[in-house]
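Protein chains in written order, with UniProt numbering: chain A, 1 to 142; chain B, 1 to 142.
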DNA sequence: CTTGCCGTAACATTTTCTGTTACAGATGTG
DNA sequence: CACATCTGTAACAGAAAATGTTACGGCAAG
């Protein structure tokens with residue numbers, strides 16, 4: 001399982017919900033979203049469940065149930081989606097604690113944490129600059 | 001296996017090589033580096049092998065063998081290390097091709113690729129801003 | 001009450017990383 | 001030249017995580 005596709009799945013689902021709403025379709029079921037993403041409905045329910053807990057989508061239960069956006073596409077950024085699906089850091093520290101008797105082993109982790117933190121902030125800035133409305137616009141013109 | 005620690009291992013090794021050189025130690029063996037990182041020497045050889053192919057370190061074979069930096073610590077950036085160890089993208093696209101009969105399924109991948117490309121560039125900018133000399137300085141003051 | 005769909009548990013599969021052992025090859029030293 | 005030392009790499013085991021899949025309880029509209 002190469003890279004993490006959770007942000008991709010969630011963004012795809014949200015973009016699809018935004019387009020459906022613009023076309024007058026109130027809600028979409030997990031089956032309908034899964035048909036577009038081409039995966040299992042349970043994957044979609046798990047992803048949309050994360051987004052619901054973050055307040056980005058709403059769900060209706062019972063017969064005629066389905067999902068819809070909880071706010072305008074312009075007001076949902078990819079950063080919010082990233083946080084909602086639990087984005088993981090691109091770089092990890094040592095799996096086992098380094099040798100603390102070595103000066104490098106002792107000081108490298110704080111130094112790396114600082115650098116990796118700057119990288120994470122750069123990622124967040126880029127993601128905060130793109131909304132679901134942006135994604136929808138770029139998607140339908142492609 | 002949570003995140004990718006390859007950049008961490010490689011940076012640790014390079015920082016340790018830089019400090020050893022400053023202390024007058026010409027080369028370090030993979031065993032000596034492994035003792036600081038607290039892992040198996042083969043892991044270190046694999047990592048330093050990547051760095052050697054990228055021209056960042058040199059290796060001496062035979063008896064009295066070992067590794068040394070191929071250039072000054074100021075001239076090795078974390079971006080070069082990232083490329084040397086084959087850094088993977090933080091976000092992946094769909095595992096299976098989306099449904100191309102859906103407008104979102106058709107257009108989402110180019111849109112995501114564009115956004116993810118901007119994120120990747122932001123990461124590279126940050127990594128290019130930090131050198132092994134920077135890491136060594138931050139490490140020994142911690 | 002029936003039907004349709006969500007929520008979630010449980011499990012199989014796949015992939016990747018890390019760690020480990022083993023051994024061939026290279027090279028300085030005596 | 002023989003030897004000791006260390007690299008380069010293959011082969012394999014184990015662990016962890018993501019994804020996909022089946023199954024089933026629960027909720028709500030008609």
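No residue lacks a Cβ here, since even glycine has one placed at the ideal position from N, Cα and C.
query                                                                                                                                                                           : result
By the criterion of Cβ-Cβ separation under 8 Å, what are the contact partners of residue 26/B in chain A?                                                                       : None at all; the shortest Cβ gap to chain A is about 17 Å.
Can you pull the chain B residues whose beta carbon is under 7 Å from the beta carbon of residue 140/A, in chain order?                                                         : 103, 107
As a quick exercise: from 6/B, 4/B, 5/B, 11/B, pick the residue whose alpha carbon is nearest that of residue 76/B.                                                             : 11/B
Hey, does residue 5/B have any beta-carbon neighbour from chain A nearer than 8 Å?                                                                                              : yes
Just to confirm the assignment, what range does the beta strand (DSSP E) spanning residue 120/A have?                                                                           : First-last for residue 120/A: 103 to 128, but that is the alpha helix (DSSP H), not the beta strand (DSSP E).
Which residues in chain B sit within 9 Å of residue 69/A, going by Cβ to Cβ distance?                                                                                           : Correct list: empty, because the minimum Cβ distance to chain B is about 14 Å.
Thinking just about the alpha-carbon of each residue, which of 119/A, 13/A, 34/A, 36/A is nearest to the one in residue 89/A?                                                   : 119/A
Only counting runs of 4 or more residues, tell me where the alpha helix (DSSP H) segments fall wholly within the region 10 to 61 of chain B, in order along the chain.          : 30 to 37, 41 to 53
Once you ignore the five residues that flank residue 65/B on each side, which residues in its own chain have a CB closer than 8 Å to its CB?                                    : 27, 29, 59
Applying a beta-carbon distance threshold of less than 9 Å, which residues of chain A neighbour residue 22/B?                                                                   : Within chain A, no residue comes near residue 22/B; the closest Cβ sits about 11 Å away, beyond 9 Å.
How long is the line joining the alpha carbons of residue 34/B and residue 100/A, rounded to whole angstroms?                                                                   : 13 Å
My understanding is that residue 57/A touches residue 17/A, with C-beta atoms under 8 Å, so please give their C-beta distance in whole angstroms.                               : 7 Å
Take residue 40/B and list the residues in its own chain whose beta-carbon comes closer than 7 Å to its own, dropping the five residues that flank it on each side.             : 34
Given a cut-off of 8 Å, decide if residue 104/B and residue 19/A are closer than it, judged by their beta-carbon atoms.                                                         : yes
Using a C-beta cutoff of 8 Å, does residue 47/B count as contacting chain A?                                                                                                    : no
Residues of the region 71 to 82 of chain A in Cβ contact with chain B at a cutoff of 8 Å, in chain order, please.                                                               : 78
Mark residue 126/B as exposed unless 16 or more other C-beta atoms lie within 10 angstroms of its C-beta, in which case mark it buried.                                         : buried
Hey, could you find the ends of the beta strand (DSSP E) residue 149/A is sitting in?                                                                                           : Residue numbering for chain A in the displayed model covers 1 to 142; residue 149/A lies beyond these limits and cannot be assessed.
Could you please give the first and the last residue of the uninterrupted alpha helix (DSSP H) stretch that includes residue 132/A?                                             : 132 to 140
So, at 6 Å on beta carbons, what are the nonlocal neighbours of residue 129/A in its own chain, with the 5 sequence-adjacent residues on each side left out?                    : none
In chain B, which residues lie less than 9 Å from residue 94/A when you measure between Cβ atoms?                                                                               : 5, 8, 9, 12, 37, 38, 39
Near residue 43/A, what residues of its chain come up, given a Cβ to Cβ distance below 8 Å and the 5 sequence neighbours on each side ignored?                                  : 9, 34, 37
I'd like to check one pair, residue 132/B with residue 15/B: are the Cβ atoms closer than 8 Å?                                                                                  : yes
For residue 1/A, which residues in the same chain have their Cβ closer than 6 Å to its Cβ, ignoring the five residues on either side in sequence?                               : Its pLDDT being 40, under 50, residue 1/A is placed unreliably by the model, and nothing is read from it.
Run through DSSP, which three-state label would residue 96/B get?                                                                                                               : coil
For residue 113/A, count neighbouring C-beta atoms within 10 Å of its own C-beta (all shown protein chains included) and say buried if the count is 16 or more, exposed if not. : exposed
Please classify residue 96/A as buried or exposed, where buried requires at least 16 neighbouring CB atoms within 10 angstroms.                                                 : exposed
So which residues on chain B does residue 85/A lean against when the C-beta distance must stay under 9 Å?                                                                       : Residues of chain B passing the Cβ test: none, with the nearest at roughly 11 Å.
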